[in-house]
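Q: Under the working numbering, residues 44 to 522 are what the sequence shown spells out, in order. Backbone N, C-alpha and C fix where the C-beta goes; we use that ideal spot for every residue, glycine too.
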Amino acid sequence: MKVLYATSECAPFAKTGGLADVLAALPKTLAARRGVSIRLVMPLYGSINPSWRAKMKFVKYIYISLAWRNLYCGLFEMKKDGVVYYFIDNEYYFKRSEIYGHYDDGERFAFFCKAVTDLLPQLDWTPDVVHVNDWQTSLIPIYIRRARAGDPLYDSIKTVLTIHNIEYQGRFGAELADELFALPASLVDDGTLRYGTGISLLKGAIECADWVTTVSPSYADELQFPFYAHGLEQVIKNNSDKLTGILNGIDTKLYDPQTDPNLAHCYSPETVVDKVYNKLDLQQILGLNQDESIPIVAMVSRLVEHKGLDLVAASLDSIMEMPIQFVVLGRGDWHFEQLFANAQNNFSGRLSANIMINFGLAMKIFGGADIFLMPSQAEPCGLSQMMALRYGVVPVVRETGGLRDTVAAYNTETGEGAGFTFANYNASDMVQTLQQAISTYNDRETWLTIQKRIMSLSFDWTEPAAKYMALYRQLTGKR
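#1: Just list the residues that DSSP pairs VAL315 with in beta bridges.
#2: So, at 6 Å on beta carbons, what are the nonlocal neighbours of ASP503 in its own chain, with the 5 sequence-adjacent residues on each side left out?
#3: So VAL172 packs on TYR515, CB below 8 Å; how close in whole Å?
#4: Using 8 Å as the cut-off, can you tell me whether the stretch 247-256 makes contact with the stretch 428-437, which would need three or more C-beta pairs spanning the two stretches below that distance?
#5: For the putative contact between LEU62 and TYR129, defined by C-beta atoms under 8 Å, what is the C-beta separation to the nearest angstrom?
#6: For VAL319, decide whether its Cβ has a neighbour in chain D, counting only Cβ atoms nearer than 9 Å.
#7: Can you check whether the CB of VAL343 is closer than 9 Å to the CB of PHE415?
#8: Tell me the rounded alpha-carbon separation between GLN333 and LEU491.
#9: With a cut-off of 8 Å on the beta carbons, I'd call LEU331 and ASP376 a contact; round off their distance for me.
#10: What does the alpha-carbon distance come out to for the pair MET365 and LEU404?
#11: Taking just the CA atoms, how far does LYS201 sit from GLU380?
#12: Hey, quick one: how far does the beta strand (DSSP E) through LEU372 stretch, first residue to last?
#13: Under the DSSP definition of a beta bridge, which residues are partnered with CYS53?
#14: For PRO304, tell me which candidate among ASN92, PRO93, MET406 has the shortest Cα-Cα distance.
#15: Between GLN301, GLU134, SER501, which has its C-alpha nearest CYS116's C-alpha?
#16: Thinking C-beta only, is GLU210 closer than 9 Å to HIS349?
#17: Between ARG393, GLY351, ASN388, which lies nearest to MET363 when the distance is taken from Cα to Cα?
#18: In or out: ALA272 buried (at least 16 other Cβ within 10 Å) or exposed?
#19: On the criterion of 16 or more Cβ atoms from any shown chain inside 10 Å, does PRO93 qualify as buried, or is it exposed?
#20: Assuming ALA341 contacts LEU382 under a Cβ cut-off of 8 Å, what Cβ separation, rounded to an integer in Å, is found between them?
#21: One question on the structure: do ALA451 and GLY460 come within less than 9 Å of each other, judged by their Cβ atoms?
#22: Can you tell which of MET417, THR449, VAL316 has the C-alpha that lies nearest to the C-alpha of GLU488?
#23: How far does the alpha helix (DSSP H) with LEU354 in it extend, from its first residue to its last?
#24: Can you tell me which of the three DSSP states LEU394 falls into?
#25: Going by the beta-carbon positions, is the gap between ILE339 and LEU352 smaller than 9 Å?
#26: Report all residues from its chain with a CB closer than 8 Å to the CB of ASP29; omit the five preceding and five following residues, and keep chain order.
#27: Would you kindly report the start and end of the unbroken alpha helix (DSSP H) that includes MET417?
#28: Would you call the stretch 45-56 in contact with the stretch 162-180, where contact means no fewer than 3 C-beta pairs closer than 8 Å?
#29: Taking the C-alpha atoms as reference points, what is the distance between GLN212 and SER336?
#30: Grouping DSSP H, G and I as helix and E and B as strand, with all else coil, what is THR464?
#31: Would you mind reading off the limits of the beta strand (DSSP E) that contains VAL436?
#32: Closest to ARG76 by CA distance: which of ASN389, GLY125, VAL102 is it?
#33: Expressed to the nearest angstrom, what Euclidean distance is found between the alpha-carbon atoms of ILE398 and LEU372?
#34: Measuring only the C-alpha atoms, how far is PRO86 from ARG139?
#35: Mind checking which residues open and close the alpha helix (DSSP H) that includes TYR524?
#36: Under the DSSP definition of a beta bridge, which residues are partnered with HIS174?
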């Protein structure tokens, strides 16, 4: 089985969120299987660390025709963890300070998709499956199925699209289908691309891909409802016969409290009481009052509304009336960043606002915190709650998407469950659930039992990888 993953980001080369973690872990997990050949292609960003660039070798260059443009495309490669990584080079498009957020993102990723498509016949290796991810790579199945229909090589390739977050759909004006993306107007006229008065690349990929996956079973169900699908619910319903929800995993070697070099003191389920040393270390680093008995509530998140930040903003004073310390790490919308920056001044020694992205500090927070707050409006899968569980940080989450699939509600009668959950999206329910968690924290024996249980849960990539491999075999008929 030969699978090519196409992605706009992949750790450790380039990362802005969970997509990069998934594409770092899933390919290498599958590559460890006998008889499986895995490759991954992504842009060669200028921000990629020079130490990685030094390990890449130049393969070739070609010119890419994209509408009226004729563009240089270099191809570099390197091998890591059994995976061959390809990097698409064009400095005009990719030698920039940020991966996303540019005025010409549509053109940049159209070039990337066309380059991947045009390079397929020129590789020494033809994939059985091309697996694309989110809108930035959505043009690939459209090019393969429509622009290259009838070509034996392209017809032999199956395409899979994974929707990591349907909120981002690659929407553009209908006039750009030909001018920018080199697609015929017929794909707009027949509804393949059309979205309202414009087009959606993600919609086109849903229509053209041989199979569509989402990153949790619950999210696959939710996408058939307007609240979650952002206008694509009918498209999802129409294609539900080729839709599967497969829960993501996490890299359990990278995220391991028994070996994590970021922690002041490593620990296991059997020695989870030693988390207190990490709590004291975290309090010292962040300037919080030194108190091993007080629960630390943590959020490591993008500071945006759909992560539930509006609920936190509406109830922050009520939260801080509780006997807790509150730690926040992340970047996002300016008004949320300012909210926490101001709150740090108002609750000196009890609230720490870290308006940054810092992996080492994130791991220290997982190591030292007691409760992880994740009240998302929608959460396709969520990786942070899995990391929290692995580090013995008890989650407080809203029952949505992957949060519903990974955090079973704690049952006070049976003692079963992995965290504290609420269903309705409102601040009052969130606050009450957080209060329940804090009350349980004060029962130290019960809390330790919960921590030991959640640290023993398995969220590695073994089962998800097996499900993806079964899907590839189903599509191709190959073993």
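A: So, from the data block:
#1: Per DSSP, none; premise fails for VAL315.
#2: GLY292, THR295
#3: 5 Å
#4: no
#5: Incorrect: roughly 17 Å between the Cβ atoms, too far for contact.
#6: Reference to chain D is not applicable here, since this structure consists of a single protein chain.
#7: yes
#8: 21 Å
#9: That belief does not hold up - the Cβ atoms of LEU331 and ASP376 are roughly 25 Å apart, past 8 Å.
#10: 24 Å
#11: 43 Å
#12: 368-372
#13: ALA57
#14: MET406
#15: GLU134
#16: yes
#17: ARG393
#18: buried
#19: exposed
#20: No, ALA341 and LEU382 are not in contact; Cβ-Cβ is about 16 Å, not under 8 Å.
#21: yes
#22: VAL316
#23: 352-363
#24: strand
#25: no
#26: Outside the displayed range of the chain (44 to 522) lies residue 29, so it cannot be described from this structure.
#27: Counting along the chain, MET417 falls outside any alpha helix (DSSP H), though it belongs to the beta strand (DSSP E) covering 414-417.
#28: yes
#29: 46 Å
#30: strand
#31: VAL436 -> no beta strand (DSSP E), and no H or E assigned at all.
#32: GLY125
#33: 6 Å
#34: 11 Å
#35: Since the first residue shown for the chain is 44 and the last is 522, residue 524 is missing from the structure and cannot be characterised.
#36: TYR48, VAL203
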